[in-house]
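For the record, the sequence lines run as chains A and B.
Using our numbering, you'd call the opening residue of the first sequence number 22 and step up by one each time.
Using our numbering, you'd call the opening residue of the second sequence number 22 and step up by one each time.
Beneath this line is the structure, given in structure tokens, with notes to follow.
Number of protein chains: 2
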Amino acid sequence: MSSGQRPDPQMSRPTMKDVAALARVSLKTVSRVINDEPTVNEEMAQRVQRAVKQLRFQPHAGAVALRRRDRRSSTIGVLLEDLSNPFSATIYRIIEEVATERGISVLGGSLDESTAREHELVTLMMRHRVDGVIIAPASHDHQYLLRDQEAGVPFVFIDRGPVLLKADSVRSDSHKASAEAVTHLVNVGHRRIAYLGGDGSIATSRERHQGYMSALKDAGLAVDEFIVAEDIVTIDGAYERATKMLASEKPPTAFFTGQNLVTIGTVQAIREMGKQRQIALVGFDDFLLADLLEPALTVVAQDVVTIGKVAARKLFARISGDVSPTTDEIIPTRLIVRGSGEIPPS
Amino acid sequence: MSSGQRPDPQMSRPTMKDVAALARVSLKTVSRVINDEPTVNEEMAQRVQRAVKQLRFQPHAGAVALRRRDRRSSTIGVLLEDLSNPFSATIYRIIEEVATERGISVLGGSLDESTAREHELVTLMMRHRVDGVIIAPASHDHQYLLRDQEAGVPFVFIDRGPVLLKADSVRSDSHKASAEAVTHLVNVGHRRIAYLGGDGSIATSRERHQGYMSALKDAGLAVDEFIVAEDIVTIDGAYERATKMLASEKPPTAFFTGQNLVTIGTVQAIREMGKQRQIALVGFDDFLLADLLEPALTVVAQDVVTIGKVAARKLFARISGDVSPTTDEIIPTRLIVRGSGEIPPS
DNA sequence: CTGAAAGCGCTTACAG
DNA sequence: CTGAAAGCGCTTACAG
Chain A
22 MSSGQRPDPQ MSRPTMKDVA ALARVSLKTV SRVINDEPTV NEEMAQRVQR AVKQLRFQPH
82 AGAVALRRRD RRSSTIGVLL EDLSNPFSAT IYRIIEEVAT ERGISVLGGS LDESTAREHE
142 LVTLMMRHRV DGVIIAPASH DHQYLLRDQE AGVPFVFIDR GPVLLKADSV RSDSHKASAE
202 AVTHLVNVGH RRIAYLGGDG SIATSRERHQ GYMSALKDAG LAVDEFIVAE DIVTIDGAYE
262 RATKMLASEK PPTAFFTGQN LVTIGTVQAI REMGKQRQIA LVGFDDFLLA DLLEPALTVV
322 AQDVVTIGKV AARKLFARIS GDVSPTTDEI IPTRLIVRGS GEIPPS
Chain B
22 MSSGQRPDPQ MSRPTMKDVA ALARVSLKTV SRVINDEPTV NEEMAQRVQR AVKQLRFQPH
82 AGAVALRRRD RRSSTIGVLL EDLSNPFSAT IYRIIEEVAT ERGISVLGGS LDESTAREHE
142 LVTLMMRHRV DGVIIAPASH DHQYLLRDQE AGVPFVFIDR GPVLLKADSV RSDSHKASAE
202 AVTHLVNVGH RRIAYLGGDG SIATSRERHQ GYMSALKDAG LAVDEFIVAE DIVTIDGAYE
262 RATKMLASEK PPTAFFTGQN LVTIGTVQAI REMGKQRQIA LVGFDDFLLA DLLEPALTVV
322 AQDVVTIGKV AARKLFARIS GDVSPTTDEI IPTRLIVRGS GEIPPS
């Protein structure tokens with residue numbers, strides 16, 4: 022019955038009990054040494070250290086979490102839109118960085134704009150008793166998180182704020198950034214500026230659309246619904262809409278595109294008509310190679326690194342017991358002028 | 022002392038005990054219902070179901086794992102080079118997909134080509150008792166994993182094979198793909214083809230370099246070390262080396278670049294000298310927008326999606342008890358002809 | 001079919 | 001300073 026035997030096909034790993042036996046001390050003493058409690062006899066401590074090394078003992082994180090007073094699992098959950106897209110991937114990476122420094126592991130998940138998937142993944146995270154969650158939600162009602170919040174799990178919202186829930190959030194000012202981009206085009210002389218944006222049910226998409234609208238209004242320009250599209254979710258979709266607009270009788274002289282994929286599809290459309298030197302374009306979100314296109318792409322860029330860092334720090338502060346009022350951090354965006362947005366109307 | 026009370030500042034979550042009390046059955050019966058064991062009286066089962074709903078009970082994954090005979094934690098570890106780069110991010114996403122279908126959570130980590138970080142993160146994963154690991158290793162000696170392997174944790178290597186360890190692996194044939202790319206340039210008429218590659222200590226980089234060498238040899242061409250660089254790790258580094266080569270007395274007429282960032286830096290260098298219509302270029306790895314450059318980029322593309330899927334399936338097969346001999350899956354690459362690789366020497 | 005007891009691998013609270 | 005007992009939230013093995 023000693024744990025040195027292996028009844029299973031798979032060898033069992035050493036436990037604290039094995040360490041205690043080898044070091045000829047009690048379980049509790051091993052626990053003390055492992056957790057760096059100072060009140061241990063030097064000689065015993067060394068025996069324990071040696072036994073730990075010899076057995077290559079690694080404490081079972083699950084068992085530790087189960088028994089600890091604070092029930093910390095040393096894991097956090099990070100739920101983003103799609104970990105394969107550059108925005109989500111960068112955010113994840115930054116959070117991972119901050120977490121690893123603290124010995125915390127990260128459970129990651131992609132929501133794909135699906136409320137159902139969000140619910141599933143949150144449930145899964147809760148079963149794992151993560152210490153906190155950073156989420157770019159797909160859903161539009163976050164009351165369901167209240168229960169877990171009250172159970173002590175902090176949630177930090179990223180990119181999109183919480184709805185019907187009080188929680189910290191970190192994001193860019195989409196409205197202002199979009200207005201800035203459109204105003205930039207107005208200043209270059211454009212009067213007929215198209216908007217192509219992503220799924221209008223997403224808060225950030227709506228804000229970008231509204232930023233476009235208010236910039237037009239401020240410039241005294243009327244909105245022409247024919248050159249406004251806010252339901253584009255693929256590169257091809259953007260390509261088609263942009264092509265249609267450009268081929269119309271009254272084509273736009275400039276585009277503001279509210280999302281990465283939309284920007285790419287629009288570039289393709291403009292390029293295919295050979296109009297890349299006539300039609301202006303400003304895109305939301307920067308991406309690798311944007312500066313290698315011809316003309317290079319003018320964009321409003323989010324400060325993705327800062328968003329991730331601020332969110333991670335906020336989460337860890339909450340986990341460490343920070344109970345100050347929730348905050349809504351707005352991270353500044355930056356207009357990067359590269360050429361495509363400075364083409365005057367012809 | 023009932024768990025309905027909350028001595029802590031943070032409310033405690035309902036446990037199976039609470040469910041049992043509310044449903045007026047034993048713990049074991051609740052366990053049976055939750056685990057879909059069939060031998061439960063219909064009426065009791067319903068009482069349990071109702072109690073579970075009412076309390077919004079979620080089983081504690083850690084406690085379950087601790088007690089299960091097989092000790093499954095329902096988590097896997099995914100350790101890749103850098104989750105913010107498109108290759109790693111796509112792989113992660115695919116694995117996540119396959120895992121989520123099975124109710125498995127994914128702990129992700131970036132190794133950044135650091136052996137130390139690899140060791141740390143593997144240790145962390147082992148503490149969490151992950152059921153298996155998919156790893157694109159930074160280290161060049163994987164014996165240290167033997168212990169965990171024997172303890173029943175399957176490892177699937179991705180992108181790079183295991184060294185001094187027997188384990189499954191899934192990757193592209195870097196050597197063959199590179200040779201193909203270089204031969205393509207030879208067939209276009211090039212006799213002076215430069216190689217710019219990433220960190221030569223990485224196995225895949227070495228294979229790409231060797232593929233370049235053997236293609237030259239097959240074509241009866243001599244190697245000129247001046248136009249070979251295999252220690253480039255940044256876009257700027259590639260830019261500088263390419264610029265230097267192009268500015269030399271005997272510049273190359275074509276480039277084969279062994280990695281994404283290197284390709285981008287080389288494009289910048291060629292472009293800045295205004296030679297994008299004279300100098301040919303084939304890159305290893307495809308990327309978004311490669312087809313929007315002028316000329317569009319010819320690349321050898323890895324089938325990232327298949328690599329991820331095959332690795333994930335292999336891991337889950339192992340976790341489910343597959344004990345067949347280890348395999349080394351080679352996923353075919355594809356030469357995508359777009360223009361930059363078909364420019365003849367001038 | 002149902003339940004009381006034991007125990008997974010640890011930490012806690014309490015004696016000595 | 002050290003250790004024996006209890007218990008975290010579950011499943012297992014075993015009676016009834």
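Heads up, the beta-carbon is just placed ideally off N, CA and C, and yes, glycines get one too.
**Request:** Count the other CB atoms, across all protein chains shown, that sit within 10 Å of the CB of B/D307; report buried if there are 16 or more and exposed otherwise.
**Result:** By the neighbour-count rule (16 or more Cβ atoms within 10 Å), B/D307 is buried.
**Prompt:** Can a CB atom of chain A be found closer than 9 angstroms to the CB of B/R148?
**Reply:** B/R148 counts as touching chain A.
**Prompt:** Quick one: does A/Y113 have its CB under 9 angstroms from some CB of chain B?
**Reply:** Yes, because at least one Cβ of chain B sits closer than 9 angstroms to the Cβ of A/Y113.
**Prompt:** To the nearest angstrom, how far is it from the Cα of B/A202 to the Cα of A/M147?
**Reply:** Cα to Cα, B/A202 sits roughly 48 angstroms from A/M147.
**Prompt:** Going along chain B in order, which residues have a C-beta closer than 9 angstroms to the C-beta of A/L167?
**Reply:** Neighbours of A/L167 across chain B, judged by C-beta separation under 9 angstroms, do not exist; the nearest C-beta is about 11 angstroms away.
**Request:** Can you tell me which of B/R339, B/V320, B/R168 puts its alpha carbon nearest to the alpha carbon of B/T354?
**Result:** Minimum Cα distance to B/T354 is reached at B/V320.
**Asked** Taking just the CA atoms, how far does A/R168 sit from B/R77?
**Response** Here the alpha carbons of A/R168 and B/R77 stand approximately 9 angstroms from one another.
**Asked** chain A beta carbons: is any one of them nearer than 9 angstroms to that of B/N106?
**Response** By this cut-off, B/N106 is an interface position.
**Range covered by the alpha helix (DSSP H) that runs through A/E350** = Note, A/E350: premise wrong, no alpha helix (DSSP H); beta strand (DSSP E) at 349-352.
**Message:** Please identify, using Cβ separations under 9 angstroms, the residues of the stretch 302-322 of chain B that lie next to chain A, in order along the chain.
**Reply:** Listed by position, the residues of the stretch 302-322 of chain B near chain A (Cβ gap below 9 angstroms) are F308, L309, L310, A311, D312, L313, L314, E315.
**Request:** Tell me whether A/G83 sits in a helix, a strand or coil according to DSSP, three-state version.
**Result:** In the three-state DSSP reduction, A/G83 falls in the helix class (H, G or I).
**Asked** Which word fits B/T255, buried or exposed, when buried means at least 16 other C-beta atoms lie within 10 angstroms of its C-beta?
**Response** Exposed, since its Cβ has fewer than 16 Cβ neighbours within 10 Å.
**Prompt:** Can the beta-carbon of B/A275 be found less than 9 angstroms from the beta-carbon of B/L185?
**Reply:** No, Cβ-Cβ distance for B/A275 and B/L185 is not below 9 angstroms.
**Message:** Is there a C-beta anywhere in chain B that falls below 9 angstroms from the one on A/M22?
**Reply:** Low confidence applies to A/M22: its pLDDT is 33, below 50, so where it sits in the model is not reliable enough to give any reading.
**Asked** Based on the DSSP output, what are the partners of A/T216 in its beta bridges?
**Response** Checking the sequence shown, residue 216 of chain A turns out to be Tyr, not Thr. In the DSSP assignment, the residues bridged to A/Y216 are A/V249, A/F277.
**Message:** Along the chain, where does the beta strand (DSSP E) containing B/V321 start, and where does it finish?
**Reply:** B/V321 -> beta strand (DSSP E) spans 319-322.
**Asked** What are the boundary residues of the beta strand (DSSP E) that A/D169 is part of?
**Response** Not the beta strand (DSSP E): A/D169 falls in the alpha helix (DSSP H), residues 167-171.
**Message:** Please report the distance separating the alpha-carbon of B/I55 from that of B/R71.
**Reply:** Each residue's alpha carbon lies about 12 angstroms from the other.
**Asked** Got a sec: is the Cβ-Cβ distance from B/A263 to anything in chain A below 9 angstroms?
**Response** No, because no Cβ of chain A sits closer than 9 angstroms to the Cβ of B/A263.
**Request:** Let me know the secondary structure DSSP gives B/D189 once reduced to three states.
**Result:** Annotated three-state conformation of B/D189 is strand, per DSSP.
**Asked** Between which two residues does the alpha helix (DSSP H) containing A/S131 stretch?
**Response** A/S131 -> not in any alpha helix (DSSP H); beta strand (DSSP E) instead, spanning 126-131.
**Asked** Grouping DSSP H, G and I as helix and E and B as strand, with all else coil, what is A/V99?
**Response** Looking at A/V99 - three-state DSSP - the assignment turns out to be strand.
**Asked** Given a threshold of 16 other Cβ atoms within 10 Å of its Cβ, counted over all protein chains shown, does B/K74 qualify as buried or as exposed?
**Response** With fewer than 16 other Cβ atoms inside 10 Å of its own Cβ, B/K74 counts as exposed.
**Request:** Say whether chain A places a C-beta atom closer than 9 angstroms to the C-beta of B/Q79.
**Result:** Yes, B/Q79 counts as interfacial toward chain A.
**Request:** Using a Cβ-Cβ cut-off of less than 8 angstroms, give me the residues of the stretch 282-303 of chain B that come near chain A, in sequence order.
**Result:** Result list: I285, V288, Q289, R292.
**Asked** Anyone know if the C-beta pair for B/L336 and B/D189 falls short of 9 angstroms?
**Response** In this structure, B/L336 lies near B/D189, with their beta-carbon atoms less than 9 angstroms apart.
**Item:** Neighbour-count burial assignment, B/D91, 16 or more Cβ in a 10 Å radius
**Value:** When all chains shown are included, B/D91 counts as exposed.
**Asked** Since A/I155 is in the beta strand (DSSP E), which residue starts that stretch and which ends it?
**Response** Residues 154-156.
**Buried versus exposed, by CB contacts within 10 Å (16 or more), B/H161** = Exposed is the call here.
**Item:** Start and end residues, alpha helix (DSSP H) containing B/V331
**Value:** Per DSSP, B/V331 belongs to the alpha helix (DSSP H) from 325-340.
**Prompt:** So, are the CB atoms of A/V209 and A/E315 less than 9 angstroms apart?
**Reply:** No, Cβ-Cβ distance for A/V209 and A/E315 is not below 9 angstroms.
**Request:** Could you check the C-alpha separation between A/L145 and B/E350 for me, to the nearest Å?
**Result:** So the alpha carbons of these two residues sit roughly 32 angstroms apart.
**Cβ pair count under 8 angstroms reaching 3, the stretch 230-239 of chain B against the stretch 260-274 of chain B** = With the rule of 3 Cβ pairs closer than 8 angstroms, the stretch 230-239 of chain B does not count as touching the stretch 260-274 of chain B.
**Asked** Is B/H196 closer than 9 angstroms to B/S235 when the C-beta atoms are compared?
**Response** With respect to the 9 angstroms criterion, B/S235 and B/H196 are classified as neighbours on the basis of their beta carbons.
**Item:** Whole-angstrom C-beta distance between A/V325 and A/I112, which should lie under 8 angstroms
**Value:** At roughly 6 angstroms, the Cβ-Cβ gap stays under 8 angstroms, so A/I112 and A/V325 are in contact.
**Asked** So, does the CB of B/S33 fall closer than 9 angstroms to a CB anywhere in chain A?
**Response** Under the 9 angstroms criterion on CB atoms, B/S33 is classed as interfacial with respect to chain A.
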